[in-house]
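There are 2 protein chains.
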Amino acid sequence: MPSAPPSWVQALKPSDPQGPDLLTAERKGSKVDSNRLAVLLHGQAGLDRSARLTKIIEAEPVFNKDELLSMGRVDRIQRSLARGKTLKRLEKKHGWSEEEYLAAVRISGEPNVYGLHDGMFLKTLKEQGNPEQHKLFLEPAIANRYIGCYAQTELGHGSNVRGLETTATWDPTDKTFILHSPKLTASKWWIGSLGRTANHAVVMAQLFIKGKNYGPHPFVLQIRDLDTHEPLPNIYVGDIGPKFGYNSMDNGFLLLNQVKIPHINMLGRFSTVDPQTSEYRRIGAPTLVYGTLTYIRSMIVLESGSSLARGVTIAVRYAAVRRQFQDRDAEAAGVPGETPVLNYKMVQARLLPLLAATYALHFTGKNMMELYNHNQEVMKKNELQPGAELLADLHATSCGLKALGSTIAIDGLEMCRRACGGHGYSSYSGIGTYYSDYLPTVTWEGDNYMLTQQVSRYLLKTARAVQKGNAPNNDTSKILAHYLNRQTTGAAYDVLNSDQDIVAAFAWRAAFLTFESLRLRDVQKQSWNSLLVQFYHLSTAHSQYLVIKSFYDAVFENRAKIVSEVGEATADTLRDLFRLYALHTMETHSAEFFTAGAVSVNQLTLARTSGISALLDRIRPNAVNLVDAWSFSDFQLDSSLGNYDGNVYEKLFNRARQNPVNTLTLDPNPDSTVLVKRVAKL
Amino acid sequence: MPSAPPSWVQALKPSDPQGPDLLTAERKGSKVDSNRLAVLLHGQAGLDRSARLTKIIEAEPVFNKDELLSMGRVDRIQRSLARGKTLKRLEKKHGWSEEEYLAAVRISGEPNVYGLHDGMFLKTLKEQGNPEQHKLFLEPAIANRYIGCYAQTELGHGSNVRGLETTATWDPTDKTFILHSPKLTASKWWIGSLGRTANHAVVMAQLFIKGKNYGPHPFVLQIRDLDTHEPLPNIYVGDIGPKFGYNSMDNGFLLLNQVKIPHINMLGRFSTVDPQTSEYRRIGAPTLVYGTLTYIRSMIVLESGSSLARGVTIAVRYAAVRRQFQDRDAEAAGVPGETPVLNYKMVQARLLPLLAATYALHFTGKNMMELYNHNQEVMKKNELQPGAELLADLHATSCGLKALGSTIAIDGLEMCRRACGGHGYSSYSGIGTYYSDYLPTVTWEGDNYMLTQQVSRYLLKTARAVQKGNAPNNDTSKILAHYLNRQTTGAAYDVLNSDQDIVAAFAWRAAFLTFESLRLRDVQKQSWNSLLVQFYHLSTAHSQYLVIKSFYDAVFENRAKIVSEVGEATADTLRDLFRLYALHTMETHSAEFFTAGAVSVNQLTLARTSGISALLDRIRPNAVNLVDAWSFSDFQLDSSLGNYDGNVYEKLFNRARQNPVNTLTLDPNPDSTVLVKRVAKL
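Line by line, the protein sequences are chains C and W.
Quick note: the first sequence, position 316, residue 316 per UniProt numbering, numbers continuous.
Quick note: the second sequence, position 645, residue 645 per UniProt numbering, numbers continuous.
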């Protein structure tokens with residue numbers, strides 16, 4: 001079967017019109033300049049780098065993705081290691097920078113078993129180790145002699161770091177720490193690269209000195225022999241088994257039975273135990289570490305746009321090629337032929353707001369990264385006393401936007417998959433696998449529901465300060481103060497005709513919900529727990545305001561710059577996307593906008609009916625060019641439905657016929673115990 | 001590694017309190033009688049049958065599920081065949097009825113390669129074959145000598161059956177049909193059991209007689225040799241490759257090159273070609289076939305409740321065992337210890353409305369099945385002229401509820417998975433795999449978005465009839481007429497204090513949206529396409545009314561009967577579930593209820609805040625017993641998080657350590673080309 005099909009099969013073509021002709025027509029019919037828009041999104045250097053790296057990766061057979069989809073986990077882990085080794089070989093060969101190497105890993109298509117070594121292990125050693133430890137641990141780690149991981153989460157504790165059960169007990173008699181798992185729930189769990197790959201780990205453990213607990217601290221621990229790769233004595237380590245996605249990663253568990261490590265193995269940049277006096281000493285505030293979490297969350301925000309864009313690219317292209325049914329009115333009018341599904345309002349209403357969201361999240365992420373960099377500079381100037389206010393705002397902003405961005409991306413990816421109809425369920429659609437691998441993002445680096453408490457806490461605190469008149473001078477204070485001043489007169493913004501009013505309406509609703517929560521908490525004295533649902537909505541509203549504002553600033557504040565970069569027509573379409581994203585979000589939460597007095601019911605009704613519908617009509621002809629601008633290579637998308645040329649059906653068919661299940665000739669007779677009569681060669 | 005762990009590991013226990021103690025306390029603390037409630041849901045006979053079959057299935061090693069999760073697709077298909085053969089052997093051995101056999105398949109945990117043979121193939125032959133064809137095809141199919149499938153969907157056409165491209169051309173010279181795939185897009189696609197298993201297929205093809213197209217008709221075609229199982233000449237058939245789920249099924253493709261089949265192979269119950277005159281003849285109306293679709297959709301509605309209940313059972317039990325953080329206020333008050341996450345309002349607000357939905361969908365499905373059976377009786381009495389009005393209502397109802405029920409179930413399953421935190425992502429949670437396998441339900445048997453057009457068409461038609469005063473006498477007409485009569489006075493129901501008013505509010509909103517759509521279509525003459533989003537909301541609103549009404553009827557209309565069956569306290573809790581489900585649904589769509597004038601903003605605000613919160617408090621202590629009543633065995637749930645005894649961590653740990661990836665000792669040195677140093681025995 002996987003051999004070449006008979007000639008009569010080879011002669012078959014899809015029925016007309018052909019996908020490539022349809023996509024060519026779409027591209028010609030749009031006024032959006034996808035090339036210039038691509039430069040706006042990624043920069044010319046970024047585009048060049050991607051193209052260069054993709055060419056190198058594509059040429060290596062080990063990165064062929066077809067086989068992965070049918071593999072069991074034992075094979076996938078080995079393939080993951082092979083891919084990882086190849087990437088490290090290519091890194092050397094081409095002299096890649098760290099940035100280029102990490103970009104190449106992303107392009108390679110799935111996480112590999114070195115992922116946590118390359119990321120969190122090196123980062124933690126670098127940021128939390130002192131110079132002596134850099135020499136002792138970081139140097140061999142950079143040389144890939146020590147392969148490490150970052151062991152924080154436990155079987156019984158995830159989000160609540162203070163609840164970790166692993167202990168590190170200082171033994172003054174021989175100047176060592178004793179690492180120990182007192183309970184089964186103390187087992188480290190979910191630790192990437194730990195299961196089969198790492199020979200070292202940074203272990204977070206509760207530091208005990210003379211019976212007193214000083215909280216979780218990081219310790220470097222060798223877990224496997226450098227030659228045999230067998231676990232060292234009193235260390236029980238392994239892979240935690242199959243997962244919904246991420247199966248190319250050996251997430252692991254780790255149990256420790258009174259394992260001794262020397263004094264130097266406690267990472268000492270921010271705190272240490274005096275080996276002579278056994279006294280605990282802080283060395284400055286670990287604000288940079290705090291900054292790392294903010295950085296990771298900001299990256300998630302930025303990447304949520306491009307992650308969603310993968311799905312939207314596939315779904316939009318396929319919807320332009322796939323035709324199903326005649327339009328009912330066209331049919332009645334005697335117009336023949338089936339309609340591309342992208343012409344259906346129900347499909348547009350699902351896909352085009354997501355297309356708008358990719359741009360909204362991209363500009364928001366860019367904005368976040370700028371804020372982060374600004375903050376880092378402030379902190380560098382004065383490491384011991386960083387701008388606490390700026391940090392608090394950045395922290396809250398990154399929490400809320402991480403939760404909102406990754407939720408939009410994951411729900412949007414599934415929406416894209418369903419919009420592809422039956423074929424969306426095939427692994428060859430390229431969406432399902434990516435969805436599964438992206439999914440942990442809503443849970444890790446702060447569970448998306450948990451994070452909304454941080455945002456609300458910050459908003460309540462700021463609202464109290466605004467009431468007292470001692471609030472910091474930032475945008476959050478400003479919108480809260482504005483609401484407080486105009487509260488009695490109400491707002492009723494004109495969101496249909498003014499883009500500024502759209503931003504103001506989102507600000508007003510967020511401020512309204514903030515003061516409502518404040519009243520429930522401070523005046524009505526409701527319990528924190530009883531307000532969690534309220535806080536979730538509050539955080540969502542505030543984060544949506546931030547997205548709207550970032551998108552507005554990107555599209556309107558630098559209008560002249562944007563026009564010079566992408567041209568008038570493309571800039572206009574970005575404005576359409578802004579409006580669609582805003583009105584769509586408003587519609588989804590219309591009760592809040594109305595109750596807040598931000599927008600009248602009449603305007604909301606008009607937005608829902610004619611407003612959104614008109615925007616869908618305007619954006620529809622530009623949809624394909626707008627996804628083209630995201631510039632995913634066919635290799636990256638790995639989708640038979642969404643490849644650039646629109647040759648959907650031949651690619652789907654050719655991948656299907658070559659899948660390894662077709663090597664099997666079964667015996668379907670239930671009375672026979674034979675399962676397979678014959679196995680063909682691949 | 002997979003060998004027994006060292007003694008110090010074996011001695012480890014999870015930290016206190018232990019899961020089993022927590023679940024025991026939950027069960028004791030609830031006033032809900034889960035045993036009697038189980039009988040209400042499943043009937044004693046159903047419970048007994050499940051227990052009996054589960055025992056038989058569990059005893060067969062081939063049904064061990066641990067290995068499946070790590071397997072590649074080539075292995076999974078073979079295992080699927082092995083499981084299928086075992087089930088057929090057990091069927092014979094125990095003399096199972098068809099119902100028992102199908103229940104055993106469900107209990108076995110995943111679809112097997114005989115699935116479409118057992119289902120659609122036999123059903124189609126039975127319902128659409130004439131007596132001669134029953135003898136010729138059905139008998140060997142029942143004997144499993146012919147293994148078949150139902151080949152309708154094509155590469156280029158799914159929902160639009162009229163657009164199928166496969167042709168069956170009548171050849172009067174030798175009284176045969178020529179089956180042919182004129183284009184690549186004509187390839188049959190997604191056909192379950194076709195890829196590697198079936199030797200026969202019912203092929204849907206456009207019937208051509210003397211150049212005229214008579215539309216799609218069913219033809220029986222042998223596709224593989226009964227001995228060698230190799231494809232017959234001019235037939236190109238295979239498996240379509242890996243999918244997001246359902247990977248134990250060999251969904252297949254099929255291309256035909258002018259394949260001749262005898263006259264008798266066109267299934268002739270409802271239409272035939274006269275072999276002498278070549279004339280096409282209808283034999284009665286195929287309303288029974290129409291009924292089959294309605295039956296399948298009604299089954300999906302009924303099963304959506306229990307499908308969701310699997311996820312809710314796992315998530316609720318785990319949330320009662322898993323503790324994370326102290327409650328903020330408890331912490332401030334100095335109360336020690338972490339809180340079970342089920343005590344958090346945010347967790348309750350996600351899980352308990354889903355728990356309520358499982359019961360809502362169950363009672364709705366029961367109601368649908370009764371309507372279906374009633375309709376079948378009416379049709380049997382007069383096969384040629386069935387109650388067209390009843391059928392139209394049943395058809396629309398089944399379309400809308402299929403879409404709503406399966407959407408609630410799939411979104412709810414993912415909600416449950418996320419509510420399990422990090423461990424929800426492990427395959428051992430039991431939710432992810434089930435989610436992936438359930439997912440096609442939102443697309444097959446009518447795409448959930450497409451179906452809403454059918455519902456809206458029916459509602460518009462009925463509304464026109466109501467206006468003209470010639471509407472059929474059914475509930476839909478009644479609620480539309482009621483709205484029309486009271487439209488000007490408005491409604492403003494008291495949903496906080498009257499359960500009847502809740503039902504009335506849902507009816508009012510559905511009727512409001514119906515007449516709004518009617519105005520847009522008939523008065524404003526808007527295009528069908530421009531109204532698709534409106535129709536989607538309309539169908540959802542009407543279907544939600546049907547669910548609310550079914551739930552209300554089940555809980556209130558037979559209050560005395562319910563009380564006698566489950567006791568007063570449990571009946572009261574069912575009423576709480578009804579209210580929670582209703583208010584939660586209302587909150588999600590509050591803008592519609594307000595715009596429709598069904599409920600005041602004030603009531604909606606109170607419902608959102610105090611109303612729902614109070615119900616969560618009332619239901620919380622009964623949550624574990626309410627999921628217990630669903631009576632899933634641990635074997636069926638296949639979840640380390642959700643097993644009955646609450647022993648979460650030990651089960652998770654023991655499954656993890658035995659997973660086959662732990663047989664590998666890798667070589668992580670990137671400079672070495674060796675991947676695996678050593679493979680241990682499993």
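Even for Gly, the Cβ is constructed at its ideal location relative to N, Cα and C.
Keep in mind it's a predicted model, so treat the numbers as computed, not measured.
Asked: The segment 190-208 of chain C: positions lying closer than 7 Å to chain W by Cβ; Found: W190, G195, R196, T197, N199
Asked: Cβ pair T476 of chain W, Y536 of chain W closer than 8 Å; Found: no
Asked: Top-ranked residue by Cα proximity to H200 of chain C, from C:L254, C:E414, C:T173, C:D48; Found: C:L254
Asked: Buried/exposed call for P386 of chain W, threshold 16 Cβ in 10 Å; Found: For P386 of chain W, the pLDDT reaches just 48, beneath the cut-off of 50, and the residue's location in the model is therefore unreliable, although a value from the coordinates is still provided. So P386 of chain W counts as buried.
Asked: Cβ of I147 of chain W within 8 Å of any chain C Cβ; Found: yes
Asked: Proximity below 8 Å, CB of residue 683 of chain W to CB of L352 of chain W; Found: The shown model of chain W, from 1 to 682, leaves out residue 683 of chain W, and the question about it has no answer.
Asked: Any C-beta of chain W under 8 Å from that of N213 of chain C; Found: no
Asked: Which listed residue (W:I261, W:E110, W:T462) has its alpha carbon closest to that of N64 of chain W; Found: W:E110
Asked: Interface residues of the segment 486-513 of chain C facing chain W [CB-CB below 8 Å]; Found: none
Asked: For E154 of chain W: DSSP bridge partner residues; Found: W:K188
Asked: Given 8 Å, three or more beta-carbon pairs between the segment 599-614 of chain C and the segment 514-533 of chain C; Found: no
Asked: Option in W:H229, W:I209, W:M204 with minimal Cα separation from A198 of chain W; Found: W:H229
Asked: C-alpha distance - D617 of chain C paired with M450 of chain W, whole-angstrom precision; Found: 21 Å
Asked: 8 Å Cβ cutoff met for V301 of chain C and L361 of chain C; Found: yes
Asked: Spatially closest choice to D250 of chain C from W:K93, W:A680, W:V661, W:Y246, by CA coordinates; Found: W:V661
Asked: Cβ neighbours of E414 of chain W in the same chain (closer than 7 Å, five flanking residues each side left out); Found: Y435
Asked: Secondary structure of P386 of chain C, DSSP reduced to three states; Found: Legend: pLDDT at P386 of chain C = 48, less than 50; position of this residue unreliable, no value from coordinates given.
Asked: One or two residues paired with A201 of chain C in a DSSP bridge; Found: C:L221
Asked: Element boundaries [beta strand (DSSP E), containing S271 of chain C]; Found: 271-273
Asked: Exposure of D16 of chain W, with buried meaning 16 or more beta-carbon neighbours within 10 Å; Found: exposed
Asked: Residue-chain proximity (L384 of chain W, chain C), Cβ-Cβ < 8 Å; Found: Its pLDDT being 46, under 50, L384 of chain W is placed unreliably by the model, and the measurement read from it follows with that caveat. For L384 of chain W, the answer is no, since every Cβ of chain C falls outside 8 Å of its Cβ.
Asked: Where Y536 of chain C meets chain W, residues with beta-carbon distance less than 7 Å; Found: M346
Asked: Chain W contact residues for I77 of chain C, given Cβ-Cβ distances below 7 Å; Found: V661, L664
Asked: Exposed unless 16 or more other CB atoms sit within 10 angstroms - verdict on H374 of chain W; Found: exposed
Asked: Opening and closing residue of the alpha helix (DSSP H) in which R281 of chain C lies; Found: Not the alpha helix (DSSP H): R281 of chain C falls in the beta strand (DSSP E), residues 280-282.
Asked: Bounding residues of the alpha helix (DSSP H) (the contiguous stretch that carries D628 of chain C); Found: 623-628
Asked: CB contact below 8 Å: G432 of chain W versus chain C; Found: yes
Asked: Coarse secondary structure for N495 of chain C, derived from DSSP in three states; Found: The question names Asn, but residue 495 of chain C is Val in the sequence shown. Coil at V495 of chain C, not helix or strand.
Asked: Uninterrupted alpha helix (DSSP H) stretches inside the segment 477-543 of chain C (no shorter than 4 residues); Found: 499-518
Asked: Per-residue burial, D274 of chain W [other beta carbons within 10 Å of its own, 16 or more giving buried]; Found: exposed
Asked: Outcome for L664 of chain C when other beta-carbon atoms lying within 10 angstroms are tallied against a minimum of 16; Found: buried
Asked: Beta strand (DSSP E) segments (min. 3 residues) lying fully within the UniProt domain "Acyl-coenzyme A oxidase N-terminal" (33-141) of chain C; Found: none
Asked: Residue-level contact to chain C via CB, P242 of chain W, 8 Å cutoff; Found: yes
Asked: Exposure label - K243 of chain W; buried when at least 16 CB within 10 Å; Found: buried
Asked: Inter-stretch contact at 8 Å, needing at least 3 Cβ pairs: the segment 123-133 of chain W / the segment 254-272 of chain W; Found: yes
Asked: Chain W contact residues for W8 of chain C, given Cβ-Cβ distances below 7 Å; Found: N257
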